[in-house]
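Undergrad: Have a look at this one.
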Amino acid sequence: MNQQSEPQVAIIGTGITGLSVAARLEQAGIPFIMFEKEHRVGGQIRTLREKGYTFEVGPNTGAMSTPEVAELFEYASPLAVLETAQKEAAYRWIWKGKRFHTIPSGPVGGLLTPLFTLKDKFRILLEPFRKKGTDPYESVGDLAARRLGQSFVDYAVDPFIGGIYAGDPFKLTTQFALPKLYQLEQEYGSFIKGAIKKAKQPKSDRDRKATKEVFSAEGGLENLVSALVTKISRMGTILTGVEKITTSYVSPNCWDITYETGDVASAVRVSHVISTVRADLLEDVLPNEIASSLLPISSLEYAPITEIAVGFDHLPSVRRNAFGGLVPSREKRKILGILFPSSCFRGRVPYDDSALFTIFMEGIRNADEFRGLSEDEIVKIGLGELYDMMKIPKEVEPSLIHVSRYEKAIPQYMASSEQRLERMRELESTYTGLHLAGGLSEGIGLAHRITQGTNLGKAIAESFLKNRMI
1 MNQQSEPQVA
11 IIGTGITGLS
21 VAARLEQAGI
31 PFIMFEKEHR
41 VGGQIRTLRE
51 KGYTFEVGPN
61 TGAMSTPEVA
71 ELFEYASPLA
81 VLETAQKEAA
91 YRWIWKGKRF
101 HTIPSGPVGG
111 LLTPLFTLKD
121 KFRILLEPFR
131 KKGTDPYESV
141 GDLAARRLGQ
151 SFVDYAVDPF
161 IGGIYAGDPF
171 KLTTQFALPK
181 LYQLEQEYGS
191 FIKGAIKKAK
201 QPKSDRDRKA
211 TKEVFSAEGG
221 LENLVSALVT
231 KISRMGTILT
241 GVEKITTSYV
251 SPNCWDITYE
261 TGDVASAVRV
271 SHVISTVRAD
281 LLEDVLPNEI
291 ASSLLPISSL
301 EYAPITEIAV
311 GFDHLPSVRR
321 NAFGGLVPSR
331 EKRKILGILF
341 PSSCFRGRVP
351 YDDSALFTIF
361 MEGIRNADEF
371 RGLSEDEIVK
381 IGLGELYDMM
391 KIPKEVEPSL
401 IHVSRYEKAI
411 PQYMASSEQR
421 LERMRELEST
431 YTGLHLAGGL
441 SEGIGLAHRI
451 TQGTNLGKAI
461 AESFLKNRMI
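Everything in the sequence shown is counted per the UniProt record's numbering, starting at 1 for the first residue and increasing by one.
What follows is the structure, encoded as structure tokens:
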């Protein structure tokens with residue numbers, strides 16, 4: 001960091017949202033300081049390498065759903081290289097009965113698939129002619145049942161929500177959890193009509209960067225984090241192991257921050273404070289006058305997640321040519337799904353016939369069943385499901401088992417989101433220079449986090465430029 005430049009922006013949290021903000025500020029030449037309580041940078045993103053396996057213990061992949069994802073990798077290049085999934089990732093499986101079935105990708109497959117009832121297969125033909133809903137708080141499950149039919153809820157929407165949010169489709173509000181789906185019905189009156197019309201809209205070269213492909217970084221997502229740290233350090237200071245941080249609002253765009261690292265207490269004055277921390281941790285970093293009125297925000301519910309990475313040095317006979325398989329709740333299995341990282345990305349396993357799986361467990365649906373279980377008990381359940389569902393011979397033993405548990409992993413955007421968002425806007429308006437970012441709003445995926453951080457960094461940079469011109 002330039003020793004003549006005092007930081008003008010403070011970023012609390014060094015996950016991908018905070019790093020995306022910092023990248024945009026660095027590009028604009030605005031000095032900043034980042035605070036992190038852990039002794040590492042990256043938030044939930046973490047890549048491990050053990051016994052020849054490279055695996056994620058946080059987010060496993062993202063989708064190239066916005067141009068900002070590609071642009072962040074362009075910024076991080078050549079230190080981090082974008083890796084899109086291999087062709088096998090185009091196939092997604094859903095469990096029904098005693099085996100996985102491929103999600104159909106065309107009309108013929110849609111007619112032949114056993115996932116949906118014959119009634120609902122014909123019912124979907126009438127979807128463009130159904131009236132649009134009038135309830136702004138309609139759940140994802142209710143919306144899908146109304147427009148598509150119950151079997152589509154059971155064997156498409158439910159497992160999809162389990163895979164993305166680890167949530168309950170009848171508790172998540174469409175407007176907040178799947179806003180693009182909500183807008184398709186509101187703007188076009190139909191999912192099908194809306195999708196067709198949007199596909200015909202002209203796209204700029206920048207729009208075409210949003211390829212919708214599944215992505216990671218070569219060698220794992222933490223390589224992206226490391227590259228961003230190197231790049232942003234040209235204009236910013238990153239402090240890890242921060243034991244305590246206190247923010248004080250002085251006046252519009254004037255904030256005092258005191259913080260402790262080890263036995264050393266320090267202070268800094270900045271124009272903007274960006275928090276990217278979890279909802280229940282906000283009261284620890286915001287001024288007392290704000291912390292006392294956070295209930296609509298701090299009450300945000302999070303789904304618990306347990307991930308088990310399982311590697312087999314040699315597993316040539318087990319079919320796994322897909323992105324992974326999701327499990328509907330009505331099938332009463334004990335897992336949410338299985339991801340196949342070694343089928344998606346190169347260089348994740350030690351040998352050509354090795355296999356790497358990531359088992360996802362708990363979520364909203366199974367939280368009570370897993371509460372209090374030991375790691376050994378969880379591994380027994382997870383391996384039992386993996387061996388049974390993937391038809392792995394019992395005599396084949398795994399070479400790698402790694403368990404990661406997160407009590408508060410994924411925000412659940414329910415009907416209460418409206419009150420949360422309103423309170424966030426009120427606080428940001430009253431306390432000028434405060435920005436509440438992260439998974440509190442605007443989506444939970446990597447692309448959502450990158451896009452939010454990039455746009456916030458851009459807005460702050462533009463505000464500095466505007467003030468310089470006045």
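All C-beta atoms in this analysis are idealised placements derived from N, C-alpha and C, irrespective of residue type, glycine included.
Remember, predicted model here, so these are calculated numbers, not experimental data.
Report the rounded CA-to-CA distance for Phe170 versus Ser292, giving the unit in angstroms.
TA: The straight-line gap from Cα to Cα measures roughly 31 angstroms.
Undergrad: Curious, which full-length alpha helix (DSSP H) runs of at least 4 residues does the stretch 47–96 contain?
TA: Entirely contained in the stretch 47–96, the alpha helix (DSSP H) runs reaching 4 residues are, in chain order, 67–76.
Undergrad: Output needed for Ile381: all residues of its chain with C-beta closer than 6 angstroms, excluding positions within five of it in sequence on either side, in chain order.
TA: Taken in chain order, the residues that qualify are Lys334.
Undergrad: For Ile16, write down the residues that DSSP places opposite it in a beta bridge.
TA: DSSP output for Ile16 lists no bridge partner at all.
Undergrad: Buried or exposed: where does Leu112 fall if 16 or more other Cβ atoms within 10 Å of its Cβ makes it buried?
TA: So Leu112 ends up on the exposed side.
Undergrad: DSSP has Ala10 in a bridge; who is on the other side?
TA: Bridge partners of Ala10: Ile33, Val273.
Undergrad: Per DSSP, which residues does Gly445 bridge with? Please list them.
TA: Partner(s): none; Gly445 has no beta bridge.
Undergrad: Between the stretch 276–291 and the stretch 321–334, are three or more C-beta pairs nearer than 8 angstroms?
TA: Touching, no.
Undergrad: Can you list, in chain order, the residues of its chain whose CB lies under 8 angstroms from that of Glu442, leaving out five sequence neighbours each side?
TA: Excluding sequence neighbours, Glu442 sits near His448, Thr451, Gln452.
Undergrad: Which residues share a DSSP beta bridge with Thr237?
TA: Thr237 is bridged to Ile33.
Undergrad: Whole angstroms is fine: what's the gap from Thr173's alpha carbon to Gly194's?
TA: Answer to the nearest angstrom: the Cα atoms are 20 angstroms apart.
Undergrad: Does DSSP put Thr454 in a helix, in a strand, or in coil?
TA: Of the three classes helix, strand and coil, the one that applies to Thr454 here is helix, per DSSP.
Undergrad: Does the beta-carbon of Lys121 have 16 or more other beta-carbons within 10 angstroms, so that it is buried, or is it exposed?
TA: With 16 or more Cβ atoms within 10 Å of its Cβ, Lys121 is classed as buried.
Undergrad: Please report the straight-line C-alpha distance between Ala85 and Ile297, rounded to a whole angstrom.
TA: Distance between the alpha carbons of Ala85 and Ile297 is about 36 angstroms.
Undergrad: Tell me where the beta strand (DSSP E) around Thr430 begins and ends.
TA: Careful: Thr430 lies outside any beta strand (DSSP E), inside the alpha helix (DSSP H) at 417–430.
Undergrad: CA-CA distance, Gly347 and Ser399?
TA: Rounded to the nearest angstrom, the two C-alpha atoms are 17 angstroms apart.
Undergrad: Find out if the Cβ-Cβ distance for the pair Ile401, Val310 is shorter than 8 angstroms.
TA: Taking 8 angstroms as the Cβ cut-off, Ile401 and Val310 qualify as a contacting pair.
Undergrad: On the three-state DSSP scale, how would you describe Thr261?
TA: Thr261: strand per DSSP, three-state reduction.
Undergrad: What alpha helix (DSSP H) runs, 4 residues minimum, are completely inside the stretch 290–367?
TA: Counting only runs of 4 or more, we get 295–298, 341–344.
Undergrad: Can you name, in chain order, every residue of its own chain whose Cβ lies under 6 angstroms from the Cβ of Glu301, other than the five neighbours on each side?
TA: For Glu301, where only same-chain residues beyond five positions count, the Cβ hits under 6 angstroms are Gln412.
Undergrad: So, is Ala459 buried or exposed, given that buried needs 16 or more other C-beta atoms within 10 angstroms?
TA: The residue is exposed, with fewer than 16 neighbouring Cβ atoms inside 10 Å.
Undergrad: Does the Cβ-Cβ distance between Gly141 and Lys119 come in under 8 angstroms?
TA: No, the Cβ-Cβ distance between Gly141 and Lys119 is not below 8 angstroms.
Undergrad: Within 10 angstroms of the Cβ of His435, are there 16 or more other Cβ atoms? Answer buried if so, exposed if not.
TA: Burial call: buried.
Undergrad: Determine whether the beta carbon atoms of Ser275 and Val285 lie at a separation below 8 angstroms.
TA: Yes, Cβ-Cβ distance for Ser275 and Val285 is below 8 angstroms.
Undergrad: Based on the DSSP secondary-structure assignment, which residues constitute the bridge partners of Ser226?
TA: Answer by DSSP bridge pairing: none, since Ser226 is not bridged.
Undergrad: Bridge partners for Leu436 per DSSP, in chain order?
TA: DSSP output for Leu436 lists Ser275 as bridge partner(s).
Undergrad: DSSP on Pro128, reduced to helix/strand/coil?
TA: Residue state, collapsed to three classes: helix.
Undergrad: Where does residue 511 land, buried or exposed, given buried means 16+ other C-beta within 10 angstroms?
TA: This structure leaves residue 511 out entirely; the chain is present only between 1 and 470.
Undergrad: Going by alpha carbons, who is nearest to Leu446 out of Ala63, Gly106, Ser5?
TA: The shortest Cα separation from Leu446 among Ala63, Gly106, Ser5 belongs to Ala63.
Undergrad: Which same chain residues end up closer than 7 angstroms to Leu386 when comparing Cβ atoms and leaving out the 5 residues on each side of it in sequence?
TA: Excluding sequence neighbours, Leu386 sits near Val310, Ile338, Phe357, Ile359, Ile392.
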